[in-house]
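Asker: Chains as they are written, first to last, in my numbering: chain Y, 53 to 329; chain F, 53 to 329.
Protein chains: 2
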Amino acid sequence: MELWYTENQNDDLRFSCRVTRTLHVEKTPFQHLAVLETPCFGRVLVLDGIVQTTVWDEFMYHEMIAHVPLNTHPRPEKVLIIGGGDGGTAREVVRHPKVKSAVMVEIDERVIAVSRQYLPELSQGLDDPKLELRIEDGIEYVTKHPGEYDVILIDSPDPIGPAKGLFGRQFYEGVAAALKEDGLFVAQTESPLFNADLIAEIYRNLREIFPIVRLYLTYVPTYPGGMWSFTLASKKYDPLEVKPEDIPPLSYRYYNAEIHRAAFALPQFLQEILRRA
Amino acid sequence: MELWYTENQNDDLRFSCRVTRTLHVEKTPFQHLAVLETPCFGRVLVLDGIVQTTVWDEFMYHEMIAHVPLNTHPRPEKVLIIGGGDGGTAREVVRHPKVKSAVMVEIDERVIAVSRQYLPELSQGLDDPKLELRIEDGIEYVTKHPGEYDVILIDSPDPIGPAKGLFGRQFYEGVAAALKEDGLFVAQTESPLFNADLIAEIYRNLREIFPIVRLYLTYVPTYPGGMWSFTLASKKYDPLEVKPEDIPPLSYRYYNAEIHRAAFALPQFLQEILRRA
Numbered sequence: 053m054e055l056w057y058t059e060n061q062n063d064d065l066r067f068s069c070r071v072t073r074t075l076h077v078e079k080t081p082f083q084h085l086a087v088l089e090t091p092c093f094g095r096v097l098v099l100d101g102i103v104q105t106t107v108w109d110e111f112m113y114h115e116m117i118a119h120v121p122l123n124t125h126p127r128p129e130k131v132l133i134i135g136g137g138d139g140g141t142a143r144e145v146v147r148h149p150k151v152k153s154a155v156m157v158e159i160d161e162r163v164i165a166v167s168r169q170y171l172p173e174l175s176q177g178l179d180d181p182k183l184e185l186r187i188e189d190g191i192e193y194v195t196k197h198p199g200e201y202d203v204i205l206i207d208s209p210d211p212i213g214p215a216k217g218l219f220g221r222q223f224y225e226g227v228a229a230a231l232k233e234d235g236l237f238v239a240q241t242e243s244p245l246f247n248a249d250l251i252a253e254i255y256r257n258l259r260e261i262f263p264i265v266r267l268y269l270t271y272v273p274t275y276p277g278g279m280w281s282f283t284l285a286s287k288k289y290d291p292l293e294v295k296p297e298d299i300p301p302l303s304y305r306y307y308n309a310e311i312h313r314a315a316f317a318l319p320q321f322l323q324e325i326l327r328r329a
Numbered sequence: 053m054e055l056w057y058t059e060n061q062n063d064d065l066r067f068s069c070r071v072t073r074t075l076h077v078e079k080t081p082f083q084h085l086a087v088l089e090t091p092c093f094g095r096v097l098v099l100d101g102i103v104q105t106t107v108w109d110e111f112m113y114h115e116m117i118a119h120v121p122l123n124t125h126p127r128p129e130k131v132l133i134i135g136g137g138d139g140g141t142a143r144e145v146v147r148h149p150k151v152k153s154a155v156m157v158e159i160d161e162r163v164i165a166v167s168r169q170y171l172p173e174l175s176q177g178l179d180d181p182k183l184e185l186r187i188e189d190g191i192e193y194v195t196k197h198p199g200e201y202d203v204i205l206i207d208s209p210d211p212i213g214p215a216k217g218l219f220g221r222q223f224y225e226g227v228a229a230a231l232k233e234d235g236l237f238v239a240q241t242e243s244p245l246f247n248a249d250l251i252a253e254i255y256r257n258l259r260e261i262f263p264i265v266r267l268y269l270t271y272v273p274t275y276p277g278g279m280w281s282f283t284l285a286s287k288k289y290d291p292l293e294v295k296p297e298d299i300p301p302l303s304y305r306y307y308n309a310e311i312h313r314a315a316f317a318l319p320q321f322l323q324e325i326l327r328r329a
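1) Tell me which same chain residues have a C-beta within less than 6 Å of the C-beta of Tyr57(Y), skipping the five on either side of it?
2) If you measure beta-carbon to beta-carbon, which residues of the stretch 83 to 107 of chain Y are closer than 8 Å to chain F?
3) What distance in whole Å lies between the Cβ atoms of Thr283(F) and Val294(F), which are believed to be in contact at a cut-off of 8 Å?
4) Candidates Gln323(F), Ile299(F) and Leu326(F): which alpha carbon is nearest Arg313(F)'s?
5) Candidates Glu110(Y), Val120(Y) and Asn123(Y): which alpha carbon is nearest Gly139(Y)'s?
6) Determine contact between the stretch 158 to 170 of chain Y and the stretch 115 to 122 of chain Y, defined as no fewer than three beta-carbon pairs at a distance below 8 Å.
7) Compare the Cα-Cα distances from Arg305(F) to each of Tyr271(F), Ser281(F) and Gly278(F) and report the closest residue.
8) In angstroms with no decimal places, state the Cα-to-Cα distance between Arg66(Y) and Phe67(F).
9) Relative to the C-alpha of Leu231(F), which residue among His125(F), Gln169(F) and Glu54(F) is closest?
10) Between the beta-carbon of Leu99(F) and the beta-carbon of Leu85(F), is there less than 8 Å?
11) Let me check understanding here. Comparing Cα to Cα, which of Val194(Y), Pro198(Y), Gly190(Y) and Gly136(Y) lies closest to Gly177(Y)?
12) Are the CB atoms of Phe316(F) and Ala285(F) within a distance shorter than 8 Å?
13) Would you mind listing the beta strand (DSSP E) stretches within the stretch 165 to 218 of chain F that are 3+ residues and don't spill past its ends, in chain order?
14) So, does the stretch 203 to 219 of chain Y touch the stretch 239 to 247 of chain Y, judging by three or more C-beta pairs under 8 Å?
15) For a contact meaning CB atoms closer than 7 Å, what does Gly278(Y) contact in chain F?
16) Give the DSSP-derived three-state secondary structure of Asp63(Y) in the structure shown.
17) With a cut-off of 8 Å on the beta carbons, I'd call His114(F) and Thr141(F) a contact; round off their distance for me.
18) Cβ of Ile251(F) within 8 Å of Cβ of Phe219(F)?
19) Which whole-angstrom value describes the C-beta separation of Arg95(F) and Leu185(F), a residue pair presumed to lie in contact below a C-beta threshold of 8 Å?
20) Residues of the stretch 297 to 308 of chain F with a CB closer than 9 Å to any CB of chain Y: list them in chain order, please.
21) Starting from Leu326(F), trace the alpha helix (DSSP H) both ways and give me its first and last residue.
22) According to DSSP, what are the bridge partners of Met279(Y)?
23) Report the neighbours of Ile311(F) on chain Y: residues whose CB is nearer than 7 Å to its CB, in chain order.
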């Protein structure tokens, strides 16, 4: 018997990988959740029919969502993670030497439980004593914690279902209020190739709230097109002013001082999208 | 009726896109050749069942294979293109203001003819008076033209079938001999994710022939994993010493001065592959 996972990236585009075994499938109160074992990518976490992360390429996404903002802030002591139920972002945050405490707010406790069971490479950071886990709505959480955080990371799925509000202007105003007066935040902001309008809208909204807004890119081979964007918005510190000596010598697989800088070099077509935003 | 193109990227991984119309299919003396009309990518050129280029994302590949080496050389007056039958690389070469003449050596004249007919966006450069087209084997051509070229571009398909020799040490020695004493060349060198051994072997071979060897990356969404590599080998000029003012102000869609520099920033895992090479 041949078993294949097929993802409809849009109506006209599909991505399929062979499946060795279906490790877990359930319908949580928030979404459809599955973990597959595959020969190409190792274990794969799928939410609502979309690959969230794979053991094979998760390091590219998780190192880039965490270390770029953490190293932009000179004292990233108190960190908030919204979403990120698989634990990959938390793993990167807690190993940063300057981070003293982190709160992770995930709406769906089943993602955490399943990740603990099947994805230990990602979920290992969830038991770190620096980390406090809270099962609640991130949108509500930020409104109740004004002025508390140095760095906030928004590690959300695509802007459909429960994550839709995490891409809206009102949420970003809440995030700005939850940051200290020199705080900064980053959000995963989808594909520049397939979601250019969304990226432009987010950029426009954030430019009205924060003095410094910069987009950066990373390769994520299992996401549509392989090119993925993050948007960093900051009250004071500029990610382009980070020096190689500001970067702690951790063992990285993707990130390094040159990549930190290079990630902000945008292709001409994307510069033009932002110029028109 | 639904029509889909499916590419087996490897035994366990497939990529499919809807097809509106099959514009052309033939078996040439060298390979299977097709042009498909698709809603996602516009027209797609397929050789031996592998996407070579699409009207949607070809600019990323063609601007990066051409302008990075051309701008690294202070006088890229005489240029040789090996392969590149679709015409996209030639289009970028002939519009560079410092290029005085270019020779393009393609082994399969059917690729050129079909590209002229169905892919005018790519093949438009093939009629430029600066360009001389030759239908012959690039491997033989270089051995007959010692010391002639400033810049050589190897725009080949994957290293199977007629293109296999274009990735070998003997060919690279021929290329070195065909370059002037301050010449440089670039080759497309496949995916760092799926072809790391090949990249390491090419790097090792070129380091024994050229004093300067550097890998750089670009996004190509329709290639496996979306991350693609080029290897630049040079007798004298270093691509990292190019200054923004060295770059002619053409209208680019991907390339610009920041991208030129950023493309050479390699993820940690790839730096380690090259260090062990």
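We put the CB at the ideal spot given by N, CA and C, even for glycine.
Answerer: A quick look at the data gives this:
1) Residues of the same chain with a CB within less than 6 Å of the CB of Tyr57(Y), apart from the 5 flanking positions on each side, are Cys69, Val71 and Leu88 in chain order.
2) Of all residues in the stretch 83 to 107 of chain Y, Thr90, Pro91 and Cys92 have a Cβ within less than 8 Å of some Cβ in chain F.
3) Incorrect: roughly 17 Å between the Cβ atoms, too far for contact.
4) Relative to the Cα of Arg313(F), the nearest Cα in the group Gln323(F), Ile299(F) and Leu326(F) belongs to Ile299(F).
5) Per the Cα distances, Glu110(Y).
6) No: the two stretches stay apart, fewer than three of their Cβ pairs being nearer than 8 Å.
7) Put simply, of Tyr271(F), Ser281(F) and Gly278(F) the residue whose alpha carbon is nearest the alpha carbon of Arg305(F) is Tyr271(F).
8) Spanning the two alpha carbons is a distance of roughly 6 Å.
9) The shortest Cα separation from Leu231(F) among His125(F), Gln169(F) and Glu54(F) belongs to His125(F).
10) Going by C-beta atoms, Leu99(F) is nearer than 8 Å to Leu85(F).
11) Out of Val194(Y), Pro198(Y), Gly190(Y) and Gly136(Y), Gly136(Y) has the C-alpha closest to the C-alpha of Gly177(Y).
12) Contact: no.
13) Listed in chain order, the complete beta strand (DSSP E) runs (minimum 3 residues) inside the stretch 165 to 218 of chain F are 183 to 187 and 201 to 207.
14) Yes, the stretch 203 to 219 of chain Y touches the stretch 239 to 247 of chain Y.
15) Here the neighbours are Tyr271, Pro273, Gly277, Gly278 and Met279.
16) Coil.
17) The C-beta distance from His114(F) to Thr141(F) rounds to 5 Å, short enough to meet the 8 Å contact threshold.
18) Result no, Cβ atoms of Ile251(F) and Phe219(F) do not sit closer than 8 Å.
19) That belief does not hold up - the Cβ atoms of Arg95(F) and Leu185(F) are roughly 21 Å apart, past 8 Å.
20) Cβ contacts with chain Y come from Ser303, Tyr304, Arg305, Tyr306, Tyr307 and Asn308.
21) Residues Gln320 to Arg327.
22) Beta-bridge annotation (DSSP): Met279(Y) is paired with Tyr271(Y).
23) At a beta-carbon threshold of 7 Å, the residues of chain Y lying near Ile311(F) are Ala317 and Pro319, ordered along the chain.
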